[in-house]
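These notes are about the structure you will find just below.
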Amino acid sequence: MSSIQLGVYLIATFLAIRSLSSLMTHHRQHYLLERVRDIKAEIDEDARQTRTMQLEEHARELHEARALQLEQQQQKKNEKKAGSAA
900 MSSIQLGVYL
910 IATFLAIRSL
920 SSLMTHHRQH
930 YLLERVRDIK
940 AEIDEDARQT
950 RTMQLEEHAR
960 ELHEARALQL
970 EQQQQKKNEK
980 KAGSAA
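Heads up: the sequence shown at position 67 corresponds to 966 in this note's numbering, and the numbers run straight through without jumps.
Take a look at the structure:
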């Protein structure tokens, strides 16, 4: 192999390696970006579920407090009726 052929071969090899490296870097960046998007979507879904559970718990507590308040009001009415009937 002549020195010119060897030089052309080395340049072609270098360019092929650089091109492949660039392609792999682009592929890796794309993969990492997709992975970040997936993780963000999971975090957002977990946060949404957590917030939904918190709101449901708060609604349950409010419902229980309101039921207790209504029960106490009913007892007071019954006591007043019993007091005025006696």
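Just so you know, even glycine gets a beta-carbon here, dropped at the ideal spot from N, CA and C.
Under the three-state DSSP convention, the category residue i falls into
i      : result
Met923 : helix
Met900 : coil
Proximal residues to residue i (C-beta, below 8 Å), its chain only, five neighbours per side dropped
i      : result
Ser902 : none
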